[in-house]
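Chains as they are written, first to last, in this note's numbering: chain A, 63 to 205; chain B, 63 to 205; chain C, 63 to 205; chain D, 63 to 205. We treat Cβ as the ideally placed atom computed from N, Cα and C, and that holds for glycine. Below is one structure, written out as structure tokens; the observations come after it.
Structure, rendered in structure tokens:
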């Protein structure tokens with residue numbers, strides 16, 4: 063069972079991470095070690111060629127991993143990204159993006175997971191990007 | 063010699079990438095296969111703990127590489143990020159970020175480079191993040 | 063259906079890649095865009111602490127991806143690794159290693175996939191390492 | 063000043079890592095946070111197309127980072143690779159490989175660095191591969 067709810071995550075964001083709320087992210091599912099997050103489409107994300115910008119996709123993947131980490135270790139908004147590796151596989155459509163995240167390891171100090179990003183409605187055609195990500199966890203007991 | 067000027071890059075951004083202009087990026091130096099780009103500090107970039115968000119740093123690195131690639135191959139705004147790997151090394155100060163980018167290889171189809179990110183005024187204390195990045199180049203003759 | 067058989071792969075190795083045969087790799091399964099490869103345990107792979115060396119795991123993952131790529135594009139032993147990213151998740155036991163590989167994208171010029179490495183008999187306890195890998199494909203028609 | 067000598071490193075290898083000695087690696091230089099390591103050419107490293115195999119290059123880079131880490135933190139043969147990212151930039155010649163390694167951060171728990179690999183005698187033509195690597199450090203006081 064997830065150790066945090068979508069509502070608790072949004073409370074953290076309201077208090078401390080206005081940028082996430084500004085992006086309009088929606089948590090469609092959350093379970094232990096996994097989540098599905100939706101990034102609505104916005105014209106501002108677009109780059110030459112009509113595709114969604116890389117930083118938009120990286121930000122979504124990073125945020126999905128942050129949520130999935132908290133689903134395993136509980137409220138730990140001080141967890142920080144240690145590394146992130148993204149591979150862009152095909153041009154996303156100008157529609158919403160879906161991030162499917164799965165934690166592959168959660169240790170005492172580090173959590174590691176993978177995130178597949180899809181154009182909404184085209185999940186069967188394969189991911190538009192694939193990300194692996196390591197988070198550094200705060201010492202237990204710390205906020 | 064760089065095959066594109068800072069002014070030509072801003073013209074591309076004005077016409078096609080308003081997001082870059084919105085971030086307020088400044089090109090401090092540009093040479094063949096290298097550039098130095100400055101991201102002014104903004105409160106909106108901050109995440110819990112008072113540090114600059116990961117996506118902000120990824121976006122800056124990605125943009126610096128895009129500029130450095132064009133310094134080698136000329137106007138090629140259709141070049142797209144194929145992959146990006148970022149390692150966060152220490153907590154950036156709440157000040158401007160500096161990206162130093164260097165192209166390590168520019169081939170027919172791919173360009174690869176590295177980017178070190180520094181807190182402005184603290185370059186001697188080492189990078190706050192280190193990035194490697196591959197760009198996929200459009201066929202020559204294409205825009 | 064896989065476009066190459068395990069036997070055809072071993073023929074290529076016999077003719078041109080003695081190093082692979084020396085490692086004693088076994089192809090346990092091969093399907094279109096996926097394979098399962100077994101690396102028998104050898105004392106020479108061990109490093110201080112009794113664990114299997116990183117290069118041994120990287121070599122296995124790289125080889126599994128090479129096989130999975132050929133399952134999609136056919137005989138293409140000239141396909142070469144463009145990049146490989148490995149994360150070591152826990153100490154492997156001194157037993158055989160299993161690589162499960164899945165191609166996530168196979169394009170005209172590049173193929174990208176992921177590989178999970180397990181200690182044999184402990185697949186349920188999660189991977190000991192996770193790898194993502196890009197192969198550069200030879201032009202079609204080339205050997 | 064390096065906190066370990068080349069001779070001390072070879073003693074560790076003789077006692078515990080025969081694989082490294084088998085490869086015939088030579089430490090050409092070692093300083094604080096950097097080293098230059100040479101991998102003599104061997105026919106067994108070759109793969110189809112006459113080029114040196116990826117795993118050979120990964121193993122050399124990993125070993126160079128292990129040495130550079132010990133140059134900063136002292137004898138710490140239990141330091142283990144946490145992640146490694148390699149980009150292959152051009153086909154190496156069938157000659158010796160040179161690894162130039164530089165530690166970019168050495169913290170309490172992790173060390174991060176970069177390694178450029180060159181074909182010996184062709185350093186001016188740029189690296190044949192570029193690697194970034196994170197090592198997990200044993201608690202201080204531990205062997």
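Within chain B, the residues that residue i reaches when beta carbons sit closer than 7 Å
| i | result |
| --- | --- |
| residue 171(C) | 171 |
| residue 207(A) | Residue 207(A) lies beyond the range of chain A shown here (63 to 205); nothing can be said about it. |
Chain C residues whose Cβ lies nearer than 8 Å to that of residue i
| i | result |
| --- | --- |
| residue 144(D) | 149, 150 |
Contact set for residue i: own chain, Cβ-Cβ below 6 Å, skip 5 residues either direction
| i | result |
| --- | --- |
| residue 178(A) | 162, 189, 192 |
| residue 160(C) | 100, 180, 182 |
| residue 98(D) | 90, 91, 162 |
| residue 120(D) | 148 |
| residue 168(A) | 134 |
| residue 88(C) | 100 |
| residue 131(C) | 141, 173, 197 |
Nonlocal neighbours in the same chain, by C-beta distance under 8 Å from residue i, ignoring five residues either side
| i | result |
| --- | --- |
| residue 195(D) | 123, 124, 127, 143, 145, 146, 147, 174, 175, 176, 177 |
| residue 4(D) | Missing from the structure shown is residue 4(D); chain D here goes from 63 to 205 and no further. |
| residue 86(C) | 101, 102, 104 |
Proximal chain D residues relative to residue i, where beta-carbon distance stays under 9 Å
| i | result |
| --- | --- |
| residue 167(B) | 149, 151, 152, 188, 189, 192 |
Own chain residues within Cβ distance below 7 Å of residue i, not counting five before or after
| i | result |
| --- | --- |
| residue 82(A) | 75, 125 |
| residue 152(C) | 190 |
| residue 154(D) | 113, 114, 181, 190 |
| residue 64(A) | 92, 93, 94, 133 |
| residue 103(A) | 156, 157, 158 |
| residue 166(D) | 174, 175, 176 |
| residue 84(D) | none |
| residue 116(B) | 150 |
Residues that residue i contacts on chain B, provided the C-beta gap is smaller than 8 Å
| i | result |
| --- | --- |
| residue 174(D) | 149, 151, 192 |
Residues sharing a beta bridge with residue i, DSSP
| i | result |
| --- | --- |
| residue 167(B) | 174(B) |
| residue 150(B) | 191(B) |
| residue 196(D) | 145(D), 174(D) |
| residue 89(D) | 99(D) |
| residue 69(C) | Per DSSP, none; premise fails for residue 69(C). |
| residue 162(A) | 98(A), 178(A) |
Proximal residues, the region 189-201 of chain A versus chain C, C-beta separation under 8 Å: Cβ contacts with chain C: 189, 192, 194, 196.
Uninterrupted beta strand (DSSP E) stretches inside the region 91-145 of chain B (no shorter than 3 residues): Listed in chain order, the complete beta strand (DSSP E) runs (minimum 3 residues) inside the region 91-145 of chain B are 96-101.
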